[in-house]
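Everything below concerns the one structure shown next.
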Amino acid sequence: MRTSYRDNREGMALAMAMFAIVVIGALIAGAFFASNQDFKIGRNSLVAQRAFSAAEYGLNKTMAEWDQSLNLAIKVGKDTNFTYTTGDGGQSTVKITRVNDLTYWVVSEGAAGMNTPLETRRRTSTVLRLAYPAIKYGGALTLAGGGTIKGSSQVYGTNANPSGWDCADFPGRDTTAVAYGPSATLTVQKSSNAIGTPATYADPNAGTDGTYVKYGDESWTTLVANADIKLSGDPGTVLPVLTATGKCNTSLKTNWGEPLRDATAVTACQSYMPIIYVSTDIHLNQGRGQGILLVDGSLYVNGSFDWYGLIIVRDQFTKSNGSANIFGAAMARNASISATTNDILGNVTFQYSKCAIESALHGSARLVPAKKRAWAEMW
């Protein structure tokens with residue numbers, strides 16, 4: 078008689094099933110953990126990128142919407158701050174420090190996911206400079222051609238600060254009253270018509286065409302392109318005007334800033350130093366203004382017009398009379414064949430002022446990135 082044996086396998090299937098469930102569960106948990114980590118990394122990366130974008134937004138907005146009055150308001154070593162809000166609720170805090178006369182260091186800190194556990198901050202910086210036009214004026218009056226100065230008109234090369242202006246940053250010294258091209262002929266009727274050190278000077282730069290159109294990194298073309306006011310004829314009476322809210326109304330083409338610093342002054346317009354471009358001859362008869370005036374033609378100065386800053390004329394000063402006052406410097410290129418001489422008559426006064434010139438050049442300059450390695454990510 079044969080006896081048969083059978084393996085005892087009770088409970089093996091259950092154990093295998095439990096083991097499989099544990100393995101599958103571990104795989105699912107691992108996949109979930111990895112997926113959750115990827116989600117968190119992606120989410121955090123997105124928030125970090127939003128913070129970086131907010132920081133960049135602050136840099137770009139500061140440069141694009143630069144208030145040129147800050148060119149004079151921020152002193153070397155001082156700083157100012159701005160805060161901007163981005164479209165996705167982020168925030169950019171910008172700190173601007175003036176490093177030297179022409180250079181600013183701008184640091185922008187962007188924040189995203191604010192007031193949440195995901196709050197992230199990124200910081201970028203850039204070095205910006207003023208696109209400062211280095212204009213080679215020879216004196217109070219610089220003429221490529223010659224001309225006549227007579228009557229009660231006066232040209233002073235003695236440096237004078239405009240009344241009430243802050244001129245501590247722009248010290249100056251006396252200079253030539255009238256600089257003119259060496260090949261031109263200048264006639265001064267009497268000694269009181271031109272007073273300077275010297276009174277007149279045959280200046281090679283005055284006879285060079287590039288003096289009137291090339292200004293270092295800037296030029297006539299770039300200044301015209303960035304002009305705040307563009308005209309094609311006489312402006313009429315030029316006066317500073319306020320908006321209904323009491324701000325300087327820079328949208329008006331007859332508002333050329335406020336050079337006065339007395340009780341009658343429109344204070345809100347004192348920091349407005351516009352670049353004005355006129356595409357043809359212009360007659361200035363009434364009012365006042367400041368900044369840089371570019372005339373693509375001839376300039377007739379009459380009446381009681383007062384100007385503080387710099388004037389550059391393509392052709393000539395002609396039949397200038399009346400009681401006008403020009404504080405700063407004026408230049409005539411005498412480019413046209415028919416406009417080779419200048420006639421300064423009447424009671425027109427040209428008063429050299431380093432402060433008025435530099436205030437106009439700095440106050441109207443635009444902000445641009447430094448040429449090399451301007452941008453840097455800080456964290």
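Using the numbering used here, read the sequence shown as starting at 78 and increasing by one per residue.
Ideal Cβ positions, reconstructed from N, Cα and C, are used throughout, including at glycine.
In this text, all values refer to a predicted model and were calculated from it rather than measured experimentally.
Residue pairing by DSSP places residue 172 opposite 158 and 184 in a beta bridge. In this structure, the CA atom of residue 421 is about 22 Å from the CA atom of residue 285. Assignment of beta-bridge partners to residue 216 by DSSP yields 253.
In this structure, the straight-line span from the alpha carbon of residue 301 to that of residue 114 is close to 56 Å. Here the alpha carbon of residue 145 sits roughly 44 Å from the alpha carbon of residue 117. With 16 or more other Cβ atoms inside 10 Å of its own Cβ, residue 210 counts as buried. For the pair of segments examined, the stretch 422-440 was found to touch the stretch 216-232: the number of CB pairs separated by less than 8 Å reaches three. Among the bridge pairs identified by DSSP, residue 420 is matched with 225. When C-beta atoms of the stretch 445-453 are compared with those of the stretch 211-218, fewer than three pairs fall below 8 Å, so the two segments do not count as touching. Only buried fits residue 384, as 16 or more other CB atoms lie within 10 angstroms of its CB.
Scanning its chain for C-beta atoms nearer than 6 Å, with the 5 sequence neighbours on each side dropped, one finds around residue 315 the residues 331, 333, 364 and 366, in chain order. Shown here, residue 127 sits in a helix according to DSSP, grouped into three states. The three-state reading of DSSP puts residue 408 in strand, counting E and B together. By the Cβ neighbour-count rule, residue 431 is buried, with 16 or more other Cβ atoms within 10 Å of its own. The continuous stretches of alpha helix (DSSP H) do not include residue 285, and DSSP gives it neither H nor E. In the structure shown, residue 244 falls within a coil segment according to DSSP collapsed to helix, strand and coil. Classified as buried, residue 442 has 16 or more neighbouring CB atoms from the shown chains inside 10 Å of its CB.
Residue 317 and residue 368 have their alpha carbons spaced roughly 13 Å apart. For the pair residue 252 and residue 288, the CB atoms are not nearer than the 8 Å cut-off. In the DSSP assignment, residue 307 falls within the unbroken beta strand (DSSP E) covering 306-308.
Excluding residues up to 5 positions away in sequence, 162 and 188 lie with their Cβ nearer than 6 Å to the Cβ of residue 168 in the same chain. Where residue 435 is concerned, the enclosing alpha helix (DSSP H) starts and stops at 431-440.
By DSSP's assignment, residue 291 forms a beta bridge with 296. Looking from the CA of residue 254, the closest CA among 455, 411 and 406 belongs to 406. Setting aside the 5 residues that flank it on each side, residue 335 is surrounded in the same chain by 317, 342, 343, 346 and 347, each with a C-beta closer than 6 Å to its C-beta; the list follows chain order. Shown here, residue 149 sits in a helix according to DSSP, grouped into three states.
Taking 8 Å as the cut-off, the Cβ atoms of residue 201 and residue 132 count as close. Between the alpha carbons of residue 324 and residue 351 lies a distance of about 15 Å. Cβ contact annotation for residue 356 (same chain, cutoff 8 Å, sequence separation greater than five): 307, 308, 309, 373 and 374, in chain order.
By the neighbour-count criterion, in which a residue is buried when 16 or more other Cβ atoms sit within 10 angstroms of its Cβ, residue 246 is exposed. As the crow flies, the alpha-carbon of residue 389 is around 33 Å from that of residue 183. With a cutoff of 8 Å on beta-carbon distance, residue 419 and residue 220 are scored as near each other. Taking C-beta atoms as the reference points, residue 353 and residue 387 fail to come closer than 8 Å. According to the DSSP secondary-structure assignment, residue 402 is paired through a beta bridge with 383 and 426. Excluding sequence positions up to five before and after residue 181, its CB lies within less than 6 Å of the CB of 173, 175 and 205, all in the same chain and listed in chain order.
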